[in-house]
Amino acid sequence: MPTYDYVPHAPGYVDNDGPKIVTSRFVHEDSHTLERYEATNGYEGLHRALDRTPADVHEEVRDAVVLGRGGAGFPAGVKWGFMPPGKFPYYLVVNGDESEPGTYKDRLLMERDPHQLIEGCLITCYALGLSQCFLYVRGEMPAAQENLAQALNEAYAKGYVGKNIMGTEFSVDITLTWGAGAYIVGEETALIESLEGNRGMPRLKPPFFPAAIGLYGQPTIVNNVETLSNLPWLLVNGSEQYKAHGSEASPGSRMVTVSGHVNRPGVFEIEQGVTTFRDLFYGDNFCRGIRNDNELKMFVPGGGSAPWFFPEQLDLPLEGRTVGAEGSMLGSGAIMVMDETTDAVKAALRLVRFYARESCGKCTPCREGTTWEERILQRILDGEGRPSDIDKLLDIADNISPGPYPVAADPSQGLAAVPFPPKQTTICPLGPSSVAPITSTIRRFRHEYEAKITKRDSIPVMAAPMSSDPVEVG
Amino acid sequence: MSYFNADNLETAHEIISRYPRKKSALIPLLHLAQEQEGWVTDDAMRQIAELTDTTPAEVKGTGSFYEMFKFHPVGTYMINVCTNLACQLLGGEELLAHAEETLGIKAGGTTADGMFTIEDVECIAACTEAPCLQVNYRYKLRLTTDDLDQLIDDIRNGRATDIPEHGTLGLVRQHVPADAGAGIVAPEQATERPVWLARNDAVAEGGEG
Ligand SMILES: Cc1cc2nc3c(=O)[nH]c(=O)nc-3n(C[C@H](O)[C@H](O)[C@H](O)COP(=O)(O)O)c2cc1C
Ligand code: SF4
Ligand code: FES
Numbered sequence: 006m007p008t009y010d011y012v013p014h015a016p017g018y019v020d021n022d023g024p025k026i027v028t029s030r031f032v033h034e035d036s037h038t039l040e041r042y043e044a045t046n047g048y049e050g051l052h053r054a055l056d057r058t059p060a061d062v063h064e065e066v067r068d069a070v071v072l073g074r075g076g077a078g079f080p081a082g083v084k085w086g087f088m089p090p091g092k093f094p095y096y097l098v099v100n101g102d103e104s105e106p107g108t109y110k111d112r113l114l115m116e117r118d119p120h121q122l123i124e125g126c127l128i129t130c131y132a133l134g135l136s137q138c139f140l141y142v143r144g145e146m147p148a149a150q151e152n153l154a155q156a157l158n159e160a161y162a163k164g165y166v167g168k169n170i171m172g173t174e175f176s177v178d179i180t181l182t183w184g185a186g187a188y189i190v191g192e193e194t195a196l197i198e199s200l201e202g203n204r205g206m207p208r209l210k211p212p213f214f215p216a217a218i219g220l221y222g223q224p225t226i227v228n229n230v231e232t233l234s235n236l237p238w239l240l241v242n243g244s245e246q247y248k249a250h251g252s253e254a255s256p257g258s259r260m261v262t263v264s265g266h267v268n269r270p271g272v273f274e275i276e277q278g279v280t281t282f283r284d285l286f287y288g289d290n291f292c293r294g295i296r297n298d299n300e301l302k303m304f305v306p307g308g309g310s311a312p313w314f315f316p317e318q319l320d321l322p323l324e325g326r327t328v329g330a331e332g333s334m335l336g337s338g339a340i341m342v343m344d345e346t347t348d349a350v351k352a353a354l355r356l357v358r359f360y361a362r363e364s365c366g367k368c369t370p371c372r373e374g375t376t377w378e379e380r381i382l383q384r385i386l387d388g389e390g391r392p393s394d395i396d397k398l399l400d401i402a403d404n405i406s407p408g409p410y411p412v413a414a415d416p417s418q419g420l421a422a423v424p425f426p427p428k429q430t431t432i433c434p435l436g437p438s439s440v441a442p443i444t445s446t447i448r449r450f451r452h453e454y455e456a457k458i459t460k461r462d463s464i465p466v467m468a469a470p471m472s473s474d475p476v477e478v479g
Numbered sequence: 004m005s006y007f008n009a010d011n012l013e014t015a016h017e018i019i020s021r022y023p024r025k026k027s028a029l030i031p032l033l034h035l036a037q038e039q040e041g042w043v044t045d046d047a048m049r050q051i052a053e054l055t056d057t058t059p060a061e062v063k064g065t066g067s068f069y070e071m072f073k074f075h076p077v078g079t080y081m082i083n084v085c086t087n088l089a090c091q092l093l094g095g096e097e098l099l100a101h102a103e104e105t106l107g108i109k110a111g112g113t114t115a116d117g118m119f120t121i122e123d124v125e126c127i128a129a130c131t132e133a134p135c136l137q138v139n140y141r142y143k144l145r146l147t148t149d150d151l152d153q154l155i156d157d158i159r160n161g162r163a164t165d166i167p168e169h170g171t172l173g174l175v176r177q178h179v180p181a182d183a184g185a186g187i188v189a190p191e192q193a194t195e196r197p198v199w200l201a202r203n204d205a206v207a208e209g210g211e212g
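Top line first, the protein sequences correspond to chains A and B. With the working numbering applied, the first sequence covers 6 to 479. With the working numbering applied, the second sequence covers 4 to 212.
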């Protein structure tokens with residue numbers, strides 16, 4: 006029996022017997038080269054697409070129900086249908102800005118299989134009549150930038166990208182570009198602003214989503230790296246094969262990142278909608294249990310922006326709608342596991358501080374609110390909290406995200422789940438995301454907050470002599 | 004006087020040619036400027052403004068939004084320690100404290116010899132390999148404090164040859180040969196329906212009908 010484990014040239018990725026729709030080449034050290042790609046069915050999906058009409062290719066993607074892997078889980082084929090007819094040019098923007106705390110599958114896909122992503126972009130441009138593609142990579146990822154640049158140079162030289170692709174009348178350019186450090190640029194309208202050379206601040210939507218008014222005011226499709234990386238396999242194997250994986254509502258596979266207090270943290274490709282959190286944390290194929298056989302205390306199920314889950318939610322499958330109804334989201338597929346030794350307030354503060362730092366400052370409830378949240382949590386942690394602070398935190402949270410905030414059920418308190426998503430007074434969901442760690446932990450571990458507030462951890466050191474003069478002894 | 008040296012000026016023009024509008028090249032050109040000098044100078048911003056038909060204020064306005072652009076000199080080696088949740092759970096803050104103590108500076112500071120800058124950063128997308136950091140954005144994974152001491156020692160003694168100086172990101176650049184491109188034009192000049200979409204009509208007309 007083969008032993009599956011970490012792959013040295015793709016640190017973090019765990020090769021197991023799960024589906025291999027997007028990670029099939031990761032085991033090869035030269036998976037990023039054109040040579041390896043061509044030897045392993047590379048550009049065959051594009052070849053098949055070019056033998057069909059563009060509309061037919063779109064139909065195949067719609068049929069397969071390729072859910073967006075960037076966070077919102079919206080079906081790509083449906084989004085593709087939202088562009089107003091005839092308003093050319095149309096553009097494709099690939100979201101490779103991956104910065105959601107806990108997430109890194111797009112980085113591996115860009116570093117390890119850049120041609121697969123390029124092929125996915127080409128299939129999309131062909132199907133929809135897109136005039137140009139922009140591949141926007143996170144600034145802090147030079148290896149991904151290098152491998153993509155190399156792959157694009159090879160692909161242009163071989164006639165896979167550019168003018169008259171594979172000898173047909175299909176022509177499209179792919180421009181590689183990268184960011185410069187700003188989480189908010191992952192939000193699709195902020196990404197478009199950044200591509201236009203502006204500060205990366207989100208645009209107000211609705212009414213106009215990028216598919217209607219996007220880059221340079223033109224219809225623009227924004228898709229995540231993993232979403233597009235599925236397309237070459239899909240075009241080769243067809244939507245029926247694709248739907249043979251995963252569950253009915255969430256077909257195919259998806260990449261998840263499990264980090265924190267598990268024995269074998271890793272990035273795994275799993276059956277979408279089927280695998281449960283318990284399988285992932287305790288399964289031999291996956292994380293092999295909590296470190297030191299400790300108890301699981303809580304986990305973040307879908308990136309820093311997701312409301313937290315607890316041991317009661319372990320048997321839920323990683324299926325978008327199910328997880329949504331139970332009060333959280335799968336988001337970017339990032340799961341952070343915390344054992345019984347974790348300080349809930351400290352962990353919550355760390356994520357809140359992230360949102361306070363990354364707020365773009367465009368709307369007041371987010372700009373001011375996230376900063377207040379951070380300061381109050383910090384003083385509670387420092388033993389300087391006030392009895393009114395818990396209510397104050399919830400009050401600020403309510404200003405950013407009014408009404409009951411999504412949260413998991415707590416059977417011990419007889420509390421039901423509040424389903425996802427939250428409401429927002431802000432332009433984008435970043436502000437409301439800062440509320441998730443706060444409401445999740447206050448609801449469950451209010452006593453930890455109270456303990457820190459009512460009792461100082463240490464008595465402050467008293468200033469010794471009142472006078473600054475040296476004290477004469479004897 | 005040109006801020007960009009001859010090679011970089013040529014690269015700058017090539018970069019601009021890959022966007023339908025010049026202003027879109029602003030962030031890539033700021034990266035190019037930072038690559039040349041390690042940080043973004045006023046002269047660089049003036050020339051970027053000229054090249055992209057914008058004003059220096061617009062260039063600074065955009066650039067100052069982004070964490071990676073430095074408008075003052077920083078260390079030749081920037082050590083970015085991740086302290087976000089997954090790393091915090093496994094010692095990211097301790098690693099940062101150790102770096103601060105060893106180099107005698109706080110996060111955000113630069114050593115007197117201009118060799119090192121330390122930053123306390125958000126998730127760098129290597130969470131399963133915690134605690135981790137980047138030096139000039141090159142990953143160092145699952146680091147102990149001893150590993151960090153060794154790393155600092157290697158850099159000081161010129162042994163960290165895998166890490167280019169601050170400002171250099173991807174070492175390979177995109178290059179599109181003269182007639183391989185489909186042709187990049189302003190949106191106003193691309194209002195025609197892409198030719199291959201005509202394949203849809205043939206079916207609509209000639210199909211089952
Ligand atoms: C604050 C914020 C950050 C986001 N960051 C990312 C990101 O890093 N990568 C990504 O693909 N999508 C991100 N998204 C989601 C994008 O807005 C968008 O929905 C997605 O790229 C669409 O692609 P998909 O439909 O293929 O998932 C973010 C959204 C928000 C609100
Ligand atoms: S919610 Fe926050 S990040 Fe989003 S637009 Fe408003 S201020 Fe910016
Ligand atoms: S939390 Fe440190 S790399 Fe993601």
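Glycine is no exception: its CB is placed at the ideal position from the N, C-alpha and C atoms.
For Met71/B, there is no enclosing alpha helix (DSSP H), as DSSP marks it with neither H nor E. At least one CB atom of chain B sits nearer than 8 Å to the CB of Asp178/A. Per DSSP, the beta bridge partners of Pro80/A are Leu72/A. If one requires a minimum length of 4 residues, the alpha helix (DSSP H) runs lying completely within the region 384-462 of chain A are 394-405, 435-438 and 440-459, in chain order.
In the DSSP assignment, Gly66/B falls within the alpha helix (DSSP H) that extends over Pro59 to Gly66. Using a Cβ distance threshold of 8 Å, Tyr141/A and Gly184/A count as a contacting pair.
Taking CB atoms only, Tyr80/B has no neighbour in chain A less than 8 Å away.
Nearest Cα to Arg355/A within the set Glu17/B, Gly64/B and Leu88/B: Leu88/B. Listed along the chain, the chain B residues whose CB falls inside 7 Å of the CB of Leu200/A are Ser27. Below the 7 Å Cβ cutoff, chain B contributes no neighbours of Asn229/A, its closest Cβ being approximately 14 Å away. The C-alpha of Val124/B lies about 11 Å from the C-alpha of Glu145/A. DSSP places Asn139/B in the coil class of the three-state scheme, outside both helix and strand. Its Cα nearest to that of Thr38/A, the residue Asn158/A stands out among Ser104/A, Asn158/A and Asp20/A. Closer than 9 Å at the C-beta level to chain B, one finds these residues of the region 37-60 of chain A: Leu55, Arg57, Thr58, Pro59 and Ala60. Annotation for Asn11/B: Leu35 and Gln39 place their beta carbon closer than 7 Å to its own, counting only its chain and skipping 5 residues before and after. Sixteen is the threshold: when 16 or more other Cβ atoms of the shown chains lie within 10 Å of the Cβ of Leu54/B, as they do, the residue is buried. Within the same chain, and ignoring the five residues on either side of Leu146/B in sequence, the residues whose Cβ sits closer than 8 Å to its Cβ are Leu98, Pro134, Cys135, Leu136 and Leu154. Look at the beta carbons and you see the region 59-75 of chain B touching the region 189-209 of chain A: at least three pairs across the two are nearer than 8 Å. Beta bridge pairing from DSSP links Pro322/A with Thr281/A.
The shortest C-alpha to C-alpha distance from Ala330/A to any of Arg358/A, Lys351/A and Phe425/A is the one to Phe425/A. Taking each of Asp394/A, Asp396/A, Ile401/A and Asp344/A in turn and checking the Cα distance to Arg372/A, the smallest one comes out for Ile401/A. The criterion of a C-beta distance shorter than 8 Å is not satisfied by Ile30/B and Ser104/A. If you check the CB distance, Leu113/A and Ala254/A do not come in under 8 Å. Relative to ligand 1, the beta carbon of Ile189/A is positioned inside 7 Å of a heavy atom. The beta-carbon separation of Leu233/A and Cys126/A, rounded to 6 Å, stays under the 8 Å limit for a contact. Your pair Val99/A and Ala81/A does not check out as a contact, with CB atoms roughly 12 Å apart and the cut at 8 Å. In the three-state reduction of the DSSP assignment, Thr262/A falls in the strand class, which pools E and B.
If you look at Asn229/A, you'll find it in the beta strand (DSSP E) that goes Thr225 to Asn229. For the pair Gly278/A and Leu319/A, the CB atoms are not nearer than the 8 Å cut-off. Rounded to the nearest angstrom, the gap between the Cα atoms of Val27/A and Leu106/B is 42 Å.
Among the residues of the region 109-142 of chain B, those with a Cβ less than 9 Å away from any Cβ of chain A are Val124, Glu125, Cys126, Ile127, Ala128, Ala129, Cys130, Thr131, Glu132, Ala133, Gln137, Asn139, Tyr140, Arg141 and Tyr142, in the order of the chain. For Leu285/A, no CB of chain B lies under 8 Å from its own CB, so it is not counted at the interface with that chain.
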